[in-house]
Structures are given as C-alpha cells and as structure tokens.
Ligand SMILES: [Zn+2]
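Residue numbers (this note's numbering): 320 to 387.
This is the structure in structure tokens:
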C-alpha cells in the first residue's frame, strides 16, 4: 500500500474511485489516472507538463462505464 498524501479535503473521496480524469493545465489534454497511481506523479502525454491533481475532475460518480 502507498501512503496517501494529505491534500485538500476533497482528496479523501478520491480514494474510493477507480480512476478519474485529469486535465493538463497547460494544453488541456486529458489524462486518466487510476487509483493505484494517485500518489505518483504524472506527466501530460501531449506536452510533457506535470499534471496537477488539483485540476482533476472525476467522472466515476454514477457508475460511469469505463472502457477496458
Ligand atoms: Zn499538456
């Protein structure tokens, strides 16, 4: 198990999600982050900028079907 970093209050609910989508603050490209990667750092696949979790929005709320 990884240690969950202390982030903003909303972070707690992230842990129950399988994945959520982060938008690159620089170019706006979307990147899907999976639950086991929440504590890792991510780089935008498009422009290479580091993705800030604060800009993430989750889309797993109402049991959204995730293509696997
Ligand atoms: Zn980008």
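For glycine and all other residues, C-beta sits at the position ideal for the given N, C-alpha and C.
By a C-beta neighbour count over all protein chains shown, 10 Å radius and 16 as the cutoff for buried, is residue i buried or exposed?
i           : result
residue 343 : buried
residue 366 : exposed
residue 346 : exposed
residue 369 : exposed
Quick check on the DSSP output: the beta strand (DSSP E) that includes residue i runs from which residue to which?
i           : result
residue 340 : 338 to 342
residue 345 : Run containing residue 345: none; DSSP gives neither H nor E here.
Quick one, which of the options has its alpha-carbon nearest residue i's?
i           : options            : result
residue 337 : 352, 367, 358, 359 : 352
residue 279 : 339, 350, 340      : Because the chain here runs from 320 to 387, residue 279 falls outside it and cannot be looked at.
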